[in-house]
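Here is the structure we will look at, set down as structure tokens.
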Amino acid sequence: MTEIVFVLFAVVAVGGAIGVVVGRSPVASLLSMIATLASVAGIYVLFEAHFLAAIQVLVYAGAIMVLFLFVIMLLNLGHDYRADVKYGLWYLLSLVVVGLTAGALLQGFMGTGATGVRGDGAAAAAAIDAVVAEKGVVGAIADPLFTDYVVAFELTGLLLLVAIVAAVVLAKPRT
Amino acid sequence: MLTQALLLSGALFVIGTLGVMVRRNAIIIFLCIELQLNAVNLAFVALSRYTGIEGQLFVFFVMTVAAAEAAVGLAIIISIFRHHETVNVDKFNFLKW
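Dropping the structure here:
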């Protein structure tokens, strides 16, 4: 059952991703992207990462994609697809680079990736399930976040502050 | 299911790379970069099931950085559009020196 649901989500995710690249108007690309993000959120649920699935839908598919949509609407972008894709030599070079990337990823994942993981993972999965049962879905993430990784968390807050200030300064019309 | 998830993650990353390289619309290039970040997040979540919950924490940080990157990047696009009336990256050669 899980396998079938996974394949379903995977097909939608890859289809959406292809839609992003070949989409003729930016809005079509954006809607394909939302399909991909939602499918990836579903796969997070299959891997028992419920909090991340909720965050993925709320923050990514909700907030960030709406930000993109606002900018697309604001700029009233054209639909000149022919001028939007680089053909010719650059296209061939891109395909070569993409092929090499795919080969490297395939070698990494198939060669050592899946089998190079310590043990069969049952122990780690059981540990995660135990923590989730004890502290809840949010607590399992929040507990290490506010203890072991609190410095990184605070720095992330600082990064968001800098991003807010930078976005306001950049988008402000020069007077 | 780990192998399939890693393969899916690799496929999404490769499609995102193709999009970044062949499209000229800056907003679609940004979307493809988000796609690549998402592919990496998927690999993190899949592997966290086998190595511990730290993988999920890292996904949390990656999402925050992606949000900040999108906000600043879109502000830059708006700023460029205001001066040059285009989002075609081939016309953005004024950062060269």
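The listed protein sequences derive, respectively, from chains L and F.
Sequential numbering of the first sequence, starting at 1, is according to the working numbering.
Sequential numbering of the second sequence, starting at 1001, is according to the working numbering.
For each residue, glycine too, the CB sits at the ideal point set by N, CA and C.
Local Cβ density within 10 Å of residue i, reported as buried at 16 or more and exposed below that
{"i": "Q56 of chain L", "result": "buried"}
{"i": "L30 of chain L", "result": "buried"}
{"i": "L1012 of chain F", "result": "buried"}
{"i": "L155 of chain L", "result": "exposed"}
{"i": "D148 of chain L", "result": "exposed"}
{"i": "M1063 of chain F", "result": "buried"}
{"i": "R1023 of chain F", "result": "buried"}
{"i": "A1068 of chain F", "result": "buried"}
{"i": "V11 of chain L", "result": "exposed"}
{"i": "N1093 of chain F", "result": "exposed"}
{"i": "I164 of chain L", "result": "exposed"}
{"i": "Y87 of chain L", "result": "exposed"}
{"i": "G139 of chain L", "result": "exposed"}
{"i": "E3 of chain L", "result": "exposed"}
{"i": "N1041 of chain F", "result": "buried"}
{"i": "E1034 of chain F", "result": "buried"}
{"i": "G42 of chain L", "result": "buried"}
{"i": "P26 of chain L", "result": "buried"}
{"i": "T36 of chain L", "result": "buried"}
{"i": "D84 of chain L", "result": "buried"}
{"i": "A1070 of chain F", "result": "buried"}
{"i": "A127 of chain L", "result": "exposed"}
{"i": "T1003 of chain F", "result": "exposed"}
{"i": "F1060 of chain F", "result": "buried"}
Chain-ordered chain L contacts of residue i [CB-CB under 8 Å]
{"i": "V1014 of chain F", "result": "V98, T101, A102, L105"}
Terminal residues of the alpha helix (DSSP H) in which residue i lies
{"i": "A1039 of chain F", "result": "1026–1051"}
{"i": "V27 of chain L", "result": "26–46"}
{"i": "I64 of chain L", "result": "First-last for I64 of chain L: undefined, no H or E at that position."}
{"i": "F153 of chain L", "result": "150–171"}
{"i": "D1090 of chain F", "result": "Neither: D1090 of chain F is in no alpha helix (DSSP H) and is coded neither H nor E."}
{"i": "A49 of chain L", "result": "No alpha helix (DSSP H) contains A49 of chain L, which DSSP labels as neither H nor E."}
{"i": "T101 of chain L", "result": "89–107"}
{"i": "V1059 of chain F", "result": "1054–1084"}
{"i": "Q56 of chain L", "result": "Unbroken run through Q56 of chain L: none, as it is neither H nor E."}
{"i": "G1016 of chain F", "result": "1002–1022"}
{"i": "V12 of chain L", "result": "2–22"}
{"i": "V85 of chain L", "result": "That residue, V85 of chain L, is in no alpha helix (DSSP H); it is neither H nor E in DSSP."}
{"i": "L77 of chain L", "result": "Counting along the chain, L77 of chain L falls outside any alpha helix (DSSP H), and DSSP gives it neither H nor E."}
Proximal residues of chain F, C-beta to C-beta of residue i below 9 Å
{"i": "L86 of chain L", "result": "Note on residue identity: the sequence assigns Lys, not Leu, to residue 86 of chain L. Those are M1021, V1022, R1023, R1024, D1090, listed as they occur along chain F."}
{"i": "L158 of chain L", "result": "Those within 9 Å of L158 of chain L in chain F number zero; the least Cβ separation is about 10 Å."}
Beta-carbon neighbours of residue i, restricted to chain L and to distances below 7 Å
{"i": "F1174 of chain F", "result": "For chain F, the structure presents residues 1001 to 1097; residue 1174 of chain F sits outside this window and is missing."}
Under 7 Å by beta carbon: chain F residues contacting residue i
{"i": "A130 of chain L", "result": "Within 7 Å Cβ-Cβ: nothing; A130 of chain L doesn't reach chain F, min ~11 Å."}
Contact list for residue i against chain F, beta-carbon separation under 8 Å
{"i": "A167 of chain L", "result": "A1071, V1072, L1074, A1075"}
{"i": "L67 of chain L", "result": "A1070, A1071, L1074"}
{"i": "V71 of chain L", "result": "I1027, L1074, I1077, I1078"}
{"i": "L8 of chain L", "result": "Correct list: empty, because the minimum Cβ distance to chain F is about 12 Å."}
{"i": "L92 of chain L", "result": "Neighbours of L92 of chain L on chain F: none; closest Cβ ~10 Å, over 8 Å."}
Proximal chain L residues relative to residue i, where beta-carbon distance stays under 9 Å
{"i": "V1062 of chain F", "result": "None at all; the shortest Cβ gap to chain L is about 10 Å."}
Quiz item: Listed from N- to C-terminal order along the chain, which residues in the segment 28–62 of chain L have their beta-carbon within a distance smaller than 8 Å of any beta-carbon of chain F?
Solution: S29, L30, M33, T36, L37, V40, I43, Y44, L46, F47, E48, A49, F51, L52, I55, Q56, V59, Y60
Practice problem: Would you check if the segment 1042–1053 of chain F and the segment 45–64 of chain L touch, i.e. whether three or more CB-CB distances between them fall below 8 Å? | Solution: yes
Practice problem: Answer yes if the segment 130–144 of chain L comes into contact with the segment 1022–1031 of chain F, meaning at least three C-beta pairs across the two stretches below 8 Å, and no otherwise. | Solution: no
Self-check item: the segment 14–25 of chain L: positions lying closer than 8 Å to chain F by Cβ
Solution: V14, A17, I18, V20, V21, G23
Quiz prompt | Members of the segment 137–149 of chain L that neighbour chain F once the beta carbon cut-off is set at 7 Å | solution = A140, I141, P144, L145, Y149
Quiz item: Between the segment 1027–1039 of chain F and chain L, which residues of the former have CB atoms less than 8 Å from a CB of the latter, in chain order?
Solution: I1027, I1028, F1030, L1031, C1032, E1034, L1035, N1038
Quiz item: Which residues, taken in chain order from the segment 1040–1059 of chain F, show a beta carbon closer than 8 Å to some beta carbon of chain L?
Solution: N1041, L1042, V1045, A1046, L1047, S1048, R1049, Y1050, T1051, G1052, I1053, E1054, Q1056, L1057, V1059
Quiz prompt | Inter-stretch contact at 8 Å, needing at least 3 Cβ pairs: the segment 166–174 of chain L / the segment 1071–1080 of chain F | solution = yes
Quiz item: Is the segment 95–103 of chain L touching the segment 54–69 of chain L in the sense that three or more CB pairs, one from each, lie closer than 8 Å?
Solution: no
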